[in-house]
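Engineer: Supplied in structure tokens, the structure appears directly below.
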Amino acid sequence: MATNLSINERLLTEAKKLGHFKTKRETVNSALEEFIQRRRQVEIKKLFNSIEYDPGYDYKKTRMKRQPR
């Protein structure tokens, strides 16, 4: 899909150089993939400490049931 975008040429050139990309397309696609990955990581980090655990749960007892002796 062809799209016309007004992209800061200085930023694009620097990203292309730092990423060792051959084309502008490759540079932009990689930047978008990295942006998406980082945003997803932020969403995952929000889940930390948000799960309530059952204090009475005995993980050792559960582990013993799985392993035949």
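Under numbering that gives the first Met the number 0, the letters of the sequence shown match residues 0 to 68, in that order.
Even glycine gets a Cβ: it sits at the ideal position worked out from N, Cα and C.
#1: Tell me, to the nearest whole angstrom, how far the beta carbon of Leu-11 is from that of Thr-22; I am working on the premise that it is less than 8 Å.
#2: Does Tyr-58 get closer than 7 Å to chain C when you measure Cβ to Cβ?
#3: Select from Ser-5, Asn-3, Met-0 and Asn-28 the residue whose C-alpha is nearest the C-alpha of Lys-15.
#4: What is the residue span of the alpha helix (DSSP H) that Lys-21 lies within?
Structural biologist: According to the data block:
#1: Rounded, the Cβ-Cβ distance is 11 Å, inconsistent with contact.
#2: Structure shown: chain C not included; a single protein chain is present.
#3: Asn-28
#4: No alpha helix (DSSP H) holds Lys-21; DSSP gives it neither H nor E.
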